[in-house]
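Just so you know, we're using the numbering used here here: the first sequence kicks off at 692 and counts up by one.
All C-beta atoms in this analysis are idealised placements derived from N, C-alpha and C, irrespective of residue type, glycine included.
Fair warning: this is a prediction, and the values are worked out from it, not measured in the lab.
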Amino acid sequence: MRLSTLFTQTYREAPAEAELISHQLAMRAGLIRPLAAGIFSYLPLGFRVKQKIEQILREEMLAIDCAEIVMPVVHPSDIWEASGRWSDVGAEMLRLKDRAGRDMCLAMTHEEVMADLARHFIHSYRQLPTSVFQIQTKFRDEPRSRGGLIRVREFTMKDAYSFSADQDGLDKIYGDMFKAYLMVFNRAGLGDDIRVVESDTGMMGGSGAHEFMFLNDAGEDTLIECGGCGYKANRQVATHQREKVEADAPEAIEEVATPDTTTIEDVCRLLDVSADRTAKAIFHIARIEDEDRFVFSVLRGDHELNETKLTNAIKATEMRPSTEEEIRAIGSEPGYGSAVGVKADVLIVVDTAIAEGTNFVAGANKDGFHLKNVNSGRDFTPDLATDLVAVDAGMPCSHCGTSLTTTRGIEVGNIFKLGSKYTDAVGASVLDENGKAVPLVMGSYGIGVDRLLACIIESNHDENGIVWPVAVAPFSVHIVVLAGKQPKGELEAAEKLKCELEASGVDVLIDDREERAGVKFNDADLIGCPVRITVGSRGLENGTVEVKRRAAEEKEDVAVDDVVKHVGSTLGN
RNA sequence: CGGGGCGUGGCUCAGCCCGGUAGAGCGCCUGCUUCGGGAGCAGGAGGCCGAAGGUUCAAAUCCUUUCGCCCCGACCA
């Protein structure tokens, strides 16, 4: 391609709203252009990178016998109603009506369509296990898109789906996908920055999941890691080792005056107790089985609530913090809440530490008073006792006791063991070797292409611009032509070189613009192709051109006749 | 959905508090000079100041409403 007529432009400055390096560079290099919040056009350079990423994805999927298909972006509501997600998923799904008034939606994922396809095309265990993938647009109406390409509303996803007759078949493909994903991230140049963690299954449902996290301080997810045994999990599901509780004999409950003492910190100071001897209350309104319930969670004062764990424990589809009015309505008091004596229809969920411990300081459900020696089971009856703790740095690992650490990460891929939720919903089953119908066991595996592109920039740039890994660079070679007002064949020499390189299978961007050298060099650095070749009169007089790798400082004069060979070996390294 | 910020030419921004009919740099076009790391000079194109309404002789500027965008939080693959 010729830069002079390429449909793009570079910018000296990034738009003010771009905060992440990847966003700034993608804008400055002219890879993308926003149309609306979280909705982008890909310009030629950006699109080429996207295509190269997609090609890697294709190759790695095909390598594990996963065939490519394409499913629709607009779906009728009925398949989503069958799986229950038409109502389970909220405003994140963009819904619309067709001219006949039928409910439709834009695809946020494709489990429903996939299960429907499986119903039609998979009939026998002999066809299993099998899998297919697609590279397709998804739309999720995020309440808040941000970070350039990191979190968008319209995006491209490589999503794969597997089917098997039993758990063993699922485990095999799940393992294949796991390995294929690591291959993808390695080839994309992110190998060292990827961590695989255990994760929540979220709206997908299912029995197990892993996320592939790109380590980055701007990440939206918190990863919990153990340096001792290698345990890694998303904070949403991470567990920690509970210390042994020495169960004191329950003592008599006692009310104490604690005016203006609404925080755990204040209570501890006033009553001279440590935070782990207190019980705190957290209030939510949760939608459970299509009913709004008041959920009263109780945790030890030194612990934070993990909302994902709570949501999963009570099987809520939606949850929000309650208002002060709602708290008073159940007989409690903001800042002085405890489960002692709250209304009967309140769902009381306590953390294990509260259920097993004794004699906690808790609120008295009235302004200015707390209770001493509160005991779960004696003073109130929990509906559920489970792990609700948000694991933090410094807590002991649940497997080996080593102090855990936290890291921030961006989720670039995920793999889910879905089970038969979606296949059951559409009646997709197969006959096993005994002629008996068994449900299809499904898995789903996603990689966000745009997000992957952004992460590649995040980990491959310097102060001058992007430094693309060869595998995903928009072009392998960027030829800078330096011709003055009295050209001496520089452009012709460069064009000839371009043809020769292209003939050898190397893609070339040629900067044939009438710009000064500085402008061209700076744009070349910004765009970040792996190899830069400068063709100017200075070298041509000696029959050479200058070759420089984007990732290195050194420049090399190479005889024109040797350039193709030289570039070939450079790119091969 | 809560909190905060911002909408002035393609990009970065000034002007707004204290109303008087729009500016700078970069980019773009033309010419001359320059020519291996974001050149200089001269000339030029381009903006109903996000939109609507109001106040006023007069609104980018003040008031109201609205739309859009960004950031933090809530939420979420």
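- Going by C-alpha positions, Asn1125 is about 15 Å away from Leu1131.
- When secondary structure is reduced to three states using DSSP, Ser988 falls in the strand class.
- Ile730 is classed as exposed because its beta carbon has fewer than 16 other beta carbons within 10 Å across all chains shown.
- Each of Gly1048, Ala1145, Met1133 and Arg1142 was checked against the Cα of Arg991, and the nearest Cα belongs to Gly1048.
- DSSP places Gln818 in the helix class (H, G or I) of the three-state scheme.
- In the assembly as shown, Ser1195 is an exposed residue. Its beta-carbon has fewer than 16 other beta-carbons within 10 Å.
- For the 8 Å CB-CB criterion, Tyr1136 and Ala851 form a contact.
- Residue environment: Thr696 is assigned as exposed (fewer than 16 neighbouring CB atoms within 10 Å of its CB, all protein chains considered).
- For Asp794, the closest C-alpha among the options Gly1110, His811, Trp771 and Ala806 is that of Trp771.
- Leaving aside the five residues that flank Ala1164 on each side, the residues in its chain whose CB is nearer than 6 Å to its CB run, in chain order, Cys1220 and Pro1221.
- If you ignore the 5 residues before and after Glu845, its C-beta comes within less than 8 Å of the C-beta of Gly729, Ile730, Phe731, Thr828, Lys829 and Phe830, all in its own chain and listed in chain order.
- In terms of CA proximity to Arg978, Leu1001 leads the group Thr892, Asn1233, Asn1066 and Leu1001.
- Counting C-beta pairs with one atom in each stretch, the stretch 1224-1233 and the stretch 1169-1183 have three or more that are closer than 8 Å, which means they touch.
- For the set Asp951, Thr1077 and Arg933, the Cα lying nearest the Cα of Phe1060 is the one of Asp951.
- Secondary structure at Ser778: helix, using DSSP grouped into helix, strand and coil.
- If you draw a straight line from the Cα of Gly1259 to the Cα of Val1197, it is about 8 Å long.
- Between Met848 and Ile1045, the C-beta spacing is not below 8 Å.
- Here Arg878 is buried, its C-beta having at least 16 other C-beta atoms within 10 Å.
- In the assembly as shown, Leu722 is a buried residue. Its beta-carbon has 16 or more other beta-carbons within 10 Å.
- Selection Ile712, Ser1120, Leu808 and Leu819 evaluated against Asp756 yields Leu819 as nearest (Cα-Cα).
- Within the same chain, Ile747, Leu748, Glu751 and Ile1138 come within 7 Å of Val875 by CB-CB distance, once the 5 residues on both sides are set aside.
- Pro1073 is classed as buried because its beta carbon has at least 16 other beta carbons within 10 Å across all chains shown.
- Counting the other CB atoms within 10 Å of its CB gives Lys741 a total of 16 or more, which places it among the buried residues.
- Using a Cβ distance threshold of 8 Å, Arg1240 and Thr1261 count as a contacting pair.
- By the Cβ-count criterion, Glu783 is exposed, with fewer than 16 other Cβ atoms from all chains shown falling within 10 Å of its own Cβ.
- The continuous beta strand (DSSP E) containing Gly1137 extends over residues Val1132 to Gly1139.
- In the three-state reduction of the DSSP assignment, Gln715 falls in the helix class, which pools H, G and I.
- As the crow flies, the alpha-carbon of Ala1116 is around 36 Å from that of Arg1099.
- In this model, Gly1068 and His975 are separated by some 21 Å (Cα to Cα).
- Distance check between Thr1043 and each of Arg886, Ser1013 and Leu1075 places Leu1075 closest, using alpha-carbon atoms only.
- Spatial neighbours of Ala938 in its own chain (CB-CB distance under 8 Å, excluding positions within 5 residues in sequence) are listed in chain order as Glu1047, Gly1048 and Thr1049.
- Apart from sequence neighbours up to five positions away, the residues of its chain that approach Lys1006 with a beta-carbon distance below 8 Å are Ile979 and Glu980, ordered along the chain.
- Looking at the DSSP output, Thr828 sits in a beta bridge with Thr847.
- Excluding residues up to 5 positions away in sequence, Ala798 and Val804 lie with their Cβ nearer than 8 Å to the Cβ of Pro763 in the same chain.
- When rounded, the separation of the alpha-carbon atoms in Leu961 and Asp1083 is 26 Å.
- The Cβ atoms of Asn1056 and Val1041 do not sit closer than 8 Å to each other.
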